[in-house]
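Report on the following structure.
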Amino acid sequence: MNKGELIDAIAKGSGLTKAASEKALNAALGAITGALKKGQRVGLVGFGSWKVVNRAARKGKNPQTGAVINIPAKKVVKFKAGADMSL
């Protein structure tokens, strides 16, 4: 499912127009992104949670040359599915 299909599903399930559904989805995604940028954890009960974690610096290999390269530390977003997400 892509963003357009998700907007269609929101519109169908909520009775909102597609334009209103798109605004609602964009607002929700913007709020989640904003919270993560501040380093906050975002949790939706029954769906899952996102959090920012620090990934340590490490060594890697260039797959073409085999040369060892340094991969710098950085912050990444981790998602953990909630218990209700089991299929």
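In this note's numbering, the protein residues as written are 987 to 1073. Glycine included, each C-beta is placed from N, C-alpha and C at the ideal position. Just so it is clear, the structure is predicted and the values come from calculations on it, not from any experiment.
Straight-line gap, residue i to residue j (C-alpha atoms, nearest Å)
i: Asn988; j: Val1031; result: 23 Å
i: Thr1019; j: Gly1025; result: 10 Å
i: Lys1061; j: Arg1041; result: 6 Å
i: Glu991; j: Ala1006; result: 14 Å
i: Leu1073; j: Lys1066; result: 15 Å
i: Lys1023; j: Gly999; result: 30 Å
Within 8 Å, strictly: CB atoms of residue i and residue j
i: Val1054; j: Lys1045; result: yes
i: Ala1010; j: Leu1002; result: yes
i: Met1071; j: Gly1029; result: no
i: Lys1004; j: Ala997; result: yes
i: Ala1043; j: Ala1017; result: no
i: Lys959; j: Lys1064; result: Residue 959 lies beyond the stretch modelled for the chain, which goes from 987 to 1073, so this question has no answer here.
Buried or exposed (CB count within 10 angstroms, at least 16 for buried), residue i
i: Ile1057; result: exposed
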